Amino acid sequence: MKQFTKILRFELKNYFSNKIFIGVTIFLIIAIIGVMFFPRISESLSSSDNPPQTDELPIMIVSGNNVDFINEGFTNSFPDYNVVIIDESIEEIKERVYSGSASCAFVFESITKYTYFVNNLSMYDQNTYVADEILQELYRISAMTENGISPDDASEILSVQITSQTEILGKDQIENYFYTYIMIFALYMVIILYGQMIATNVATEKSSRAMELLITSANPVSMMFGKVIASCTAGFIQIAGVFGTALIAFNMNKEYWSDNELINSIFNMPAYLFVYMLVFFVLGFFIYAFMYGAIGSTASKLEDINTSVMPVTLIFVIAFMIVMMSIISNDVDTSLMKICSFIPFTSPMAMFTRLAMSSVPAFEIVVSIVLLMVSVLLIGYIAAKIYRIGVLLYGAPPKISSILKAIKNK
């Protein structure tokens with residue numbers, strides 16, 4: 068235990084004295100503060116620097132046949148425009164739109180046929196869709212009126228309101244989608260970043276022959292667990308600092324984000340789901356961190372790190388892709404996802420995704436967590452054995468069979 072504590076302190080000191088680690092953390096904190104305060108700053112600048120805005124609305128021209136019948140519907144359905152009737156030629160109307168004196172124009176041949184004129188068509192322009200709905204309703208009213216139904220009765224028939232309510236018995240996938248996606252992506256980034264860092268640090272230490280003296284005098288289990296837990300602690304402190312800052316900044320600017328469902332859903336994560344996120348996040352990190360550390364110890368040169376850790380990275384990327392595809396397909400309870408919920412290499416992401424976006428029996432959650440905890444201890448123990456052997460091997464990277472044989476003989 069004494070050796071483990073010393074190694075843990077030493078590794079943490081290295082992380083917190085690393086200028087890159089501190090610089091990245093500070094940069095992320097400043098960036099998240101900037102993002103959270105952006106609406107407040109933007110509103111402040113616009114109110115102080117910009118001249119008072121006039122209340123004039125952009126002009127929408129309505130011209131052609133049946134415009135008197137159509138005009139009222141357009142006026143009510145386009146509140147952001149000043150809808151005006153103009154009796155001019157098409158060329159004159161085009162010139163108005165082209166010059167900017169009018170924002171757009173509808174020229175009707177009949178109640179069911181029109182031409183829409185606009186200078187630059189925005190990808191968000193929904194005017195024709197709104198117009199089509201208005202005209203369909205007006206045409207139906209006209210047809211009903213011709214068949215003896217009064218315009219008021221026809222309008223009432225067409226505008227009948229449907230009342231409904233939705234009772235969610237399980238999970239609201241739309242509400243939980245965003246923070247599920249963020250957690251999966253954050254776990255992916257942290258494991259790739261810190262796993263690579265652990266492997267690189269081990270390989271760097273191995274290049275110093277002082278490691279030969281250290282490994283013969285220290286318990287390899289203490290060394291491996293000390294390195295991995297230090298890495299996890301440093302990463303968790305970094306993430307807690309960034310997300311903690313984001314939470315504080317969000318609460319300070321909550322009124323400015325009230326209309327943003329994405330941001331609000333992220334910061335309104337249920338407490339029980341947050342606890343599950345921490346459990347699977349930490350255990351998942353340990354699984355891969357031990358594997359990265361063990362493989363890093365077998366690399367003789369830093370140049371070999373990327374090649375050596377490729378199998379572990381590939382396993383993790385496959386797990387990530389399986390989970391992401393299930394989220395995109397809106398079906399997180401497939402047979403594959405259920406199987407992945409109990410495989411230690413995939414369960415941190417798969418089980419959390421199912422917990423957030425589906426209903427999972429309690430016994431499945433318990434089994435998944437227990438399997439993960441046992442796997443962490445088992446993989447950590449095996450990783451420590453590989454670490455003890457790997458740091459003493461130089462030259463060409465050893466084969467897996469050679470490592471297994473050496474572990475068996477220990």
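Using the numbering used here, the first residue of the sequence shown is number 68, and each one after it goes up by one.
The beta-carbon is built from N, C-alpha and C at its ideal position, and this holds for glycine as well.
This structure is a prediction, so every number in the text was calculated from the model and none was measured.
Sorted by chain position, which residues of the same chain lie with C-beta nearer than 6 Å to residue 363's C-beta, five sequence neighbours on each side aside? 266, 269 and 270
Check for me: the beta strand (DSSP E) holding residue 182 runs from which residue to which? 180-185
Beta bridge counterpart(s) of residue 335 as assigned by DSSP: Its beta-bridge partners do not exist; DSSP assigns none.
With a floor of 3 residues, list each beta strand (DSSP E) that falls wholly inside the stretch 130-203, ordered by position along the chain. 149-152, 171-177 and 180-185
In this structure, how does DSSP classify residue 389 when only helix, strand and coil are distinguished? helix
Could you work out which residue in 442, 404, 439 and 438 is closest to residue 427 when comparing CA atoms only? 404
Output needed for residue 104: all residues of its chain with C-beta closer than 7 Å, excluding positions within five of it in sequence on either side, in chain order. 316 and 320
In angstroms, rounded to a whole number, what distance separates the CA positions of residue 338 and residue 361? 35 Å
Bridge partners for residue 127 per DSSP, in chain order? 150 and 171
Within the 8 Å Cβ cut-off, does residue 450 reach chain B? The displayed structure is made up of one protein chain only, and chain B is not part of it.
By how many angstroms is the C-alpha of residue 149 removed from the C-alpha of residue 220? 29 Å
DSSP state of residue 220 mapped onto helix, strand, coil: helix
Where does residue 121 fall in DSSP's three states? Below a pLDDT of 50, predicted positions are generally treated as unreliable, and residue 121, at 49, falls in that range; the measurement from the model is reported next regardless. Of the three classes helix, strand and coil, the one that applies to residue 121 here is coil, per DSSP.
Can you look up residue 310 in the DSSP assignment and give me helix, strand or coil? helix
Between which two residues does the alpha helix (DSSP H) containing residue 419 stretch? 414-424
Candidates 359, 135 and 289, of which the one nearest residue 374 by Cα: 359
Going by Cα to Cα distance, which pick from 126, 162, 106 and 209 is closest to residue 133? 209
By the 10 Å Cβ neighbour count, where 16 or more other Cβ atoms means buried, how is residue 478 classified, buried or exposed? In the structure as shown, the chain starts at 68 and stops at 477, and residue 478 therefore has no counterpart that could be examined.
Collapsed DSSP secondary structure at residue 289 in the structure displayed: helix
Give the single residue among 314, 345, 342 and 344 whose Cα lies nearest to the Cα of residue 330. 314
Cβ neighbours of residue 421 in the same chain (closer than 7 Å, five flanking residues each side left out): 399, 400, 404, 408 and 427
If distances are taken between C-alpha atoms only, which option among 205, 165, 191 and 159 comes closest to residue 177? 205
Per-residue DSSP class, three states only, for residue 437: helix
Between the C-alpha atoms of residue 376 and residue 352, what's the straight-line distance to the nearest angstrom? 15 Å
Are residue 160 and residue 174 close, meaning C-beta to C-beta below 8 Å? yes
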